[in-house]
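*Asks:* Before anything else, here's the structure in question.
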DNA sequence: GCGACAG
DNA sequence: ATCTTGTCGC
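Residue numbers (the numbering used here): 24 to 247.
Below is the structure:
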């Protein structure tokens, strides 16, 4: 069971959303602050009815081994448009719904989207982690912000991503000769640990098993 | 003004 | 994110 310690506040418009991000970002911790990690959750969000419905899926895996412990799905009406930089206001509500359905309490959550890799350093993973006061990591499938040195081609290769003079995350090659993923801190997990956990949750695919299975669960409506 | 732009 | 089949490549 995972419940928010901070109530989710829904902004009326983009301007209010940005102001809220500026306020909440002050409370994010980029330091490791967790105990033994034995249960890792992966969450993913998708849409139905031409975008009118938001759907979230969560899969909890054991560490080590990545055995599936449990999973859940939730749906609700979409209440915020997609605006780059304001993604969390579109996905957080249904993510809180689905996480509340868990009977176990994962020690760490891997999100489908960025955390600290964000114009105001408050991406989806940061927002979710702060509301739950739980360790979170952001894992994005495509580039959003920042620059980085050339990346090697071997699985495990990575390079820091910087933006306005600050290291905000890392581009990680999770599989040899396959497109990289973008990893960043959400809340209570430092970048080095974030990369370590993402690698620990990965096997033979581009994405870590957590997000990969959550994505499959979401698209196949409950079938793993 | 122009181009970029997580999901 | 979603609309969509076969096809090139390891």
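Idealized CB from N, CA, C, for every residue including glycine.
The structure presented is a predicted model; accordingly, all values stated were derived computationally and were not measured.
Determine, using beta-carbon pairs with one atom in the segment 175-190 and one in the segment 151-160, whether at least three such pairs fall under 8 Å.
*Replies:* Taking 8 Å as the limit for Cβ pairs, the verdict is that the segment 151-160 does not touch the segment 175-190.
*Asks:* Anyone know if the C-beta pair for residue 32 and residue 25 falls short of 8 Å?
*Replies:* Cβ atoms of residue 32 and residue 25: not closer than 8 Å.
*Asks:* Can you check whether the CB of residue 226 is closer than 8 Å to the CB of residue 84?
*Replies:* Contact flag unset, no.
*Asks:* Where does residue 139 land, buried or exposed, given buried means 16+ other C-beta within 10 angstroms?
*Replies:* It is buried - the Cβ of residue 139 has at least 16 other Cβ atoms within 10 Å.
*Asks:* Buried or exposed, going by whether 16 or more other CB atoms sit within 10 Å of the CB of residue 118?
*Replies:* Residue 118 is buried by the Cβ-count criterion.
*Asks:* Quick one: measure Cβ to Cβ for residue 206 and residue 218, integer angstroms, because I've assumed they're closer than 8 Å.
*Replies:* Residue 206 to residue 218, Cβ: 6 Å. Contact.
*Asks:* Less than 7 Å between C-beta atoms, sequence neighbours within five positions excluded: which residues of the same chain meet that for residue 178?
*Replies:* Excluding residues within five positions, the ones whose Cβ falls inside 7 Å are 196, 197, 198 and 199.
*Asks:* According to DSSP, simplified to helix, strand and coil, what is residue 210?
*Replies:* Reduced to three states, the DSSP call for residue 210 is strand.
*Asks:* How about the segment 237-244 and the segment 167-177: do they share at least three Cβ pairs that are nearer than 8 Å?
*Replies:* Touching, no.
*Asks:* Rounded to whole angstroms, what is the Cα-Cα separation between residue 39 and residue 107?
*Replies:* For residue 39 and residue 107, the distance between alpha carbons rounds to 15 Å.
*Asks:* Exposed or buried, residue 30, counting other C-beta atoms within 10 Å across all chains shown (16 or more means buried)?
*Replies:* Exposed, by the Cβ-count rule.
*Asks:* Mapping the DSSP letters down to three states, classify residue 136 as helix, strand or coil.
*Replies:* In the structure shown, residue 136 sits in a strand (DSSP, three-state: E or B).
*Asks:* Specify, as a first and last residue, the run of the alpha helix (DSSP H) that residue 116 falls within.
*Replies:* Residues 111-123.
*Asks:* If you reduce the DSSP assignment to three classes, tell me which class residue 70 lands in.
*Replies:* Looking at residue 70 - three-state DSSP - the assignment turns out to be strand.
*Asks:* Let me confirm a value: residue 67 is counted as buried when at least 16 other C-beta atoms fall within 10 Å, else exposed. Which label applies?
*Replies:* Classification of residue 67: buried, given that the 10 Å Cβ count is 16 or more.
*Asks:* Between which two residues does the beta strand (DSSP E) carrying residue 41 extend?
*Replies:* Looking at the DSSP string, residue 41 is not in any beta strand (DSSP E); the run it does join, the alpha helix (DSSP H), is 37-47.
*Asks:* If you run the structure through DSSP and keep just helix, strand and coil, what is residue 192?
*Replies:* It is a strand residue.
*Asks:* From this set, 221, 208, 182 and 237, which residue's C-alpha is nearest residue 52's C-alpha?
*Replies:* Closest by alpha carbon: 208.
*Asks:* Pull up the CB-CB distance for residue 97 and residue 237, whole angstroms please, since I reckon it's below 8 Å.
*Replies:* That belief does not hold up - the Cβ atoms of residue 97 and residue 237 are roughly 12 Å apart, past 8 Å.
*Asks:* When DSSP labels each residue in this structure, what does residue 177 get in the three-state scheme?
*Replies:* Reduced to three states, the DSSP call for residue 177 is coil.
*Asks:* Span of the alpha helix (DSSP H) holding residue 241?
*Replies:* Element bounds for residue 241: 232-242.
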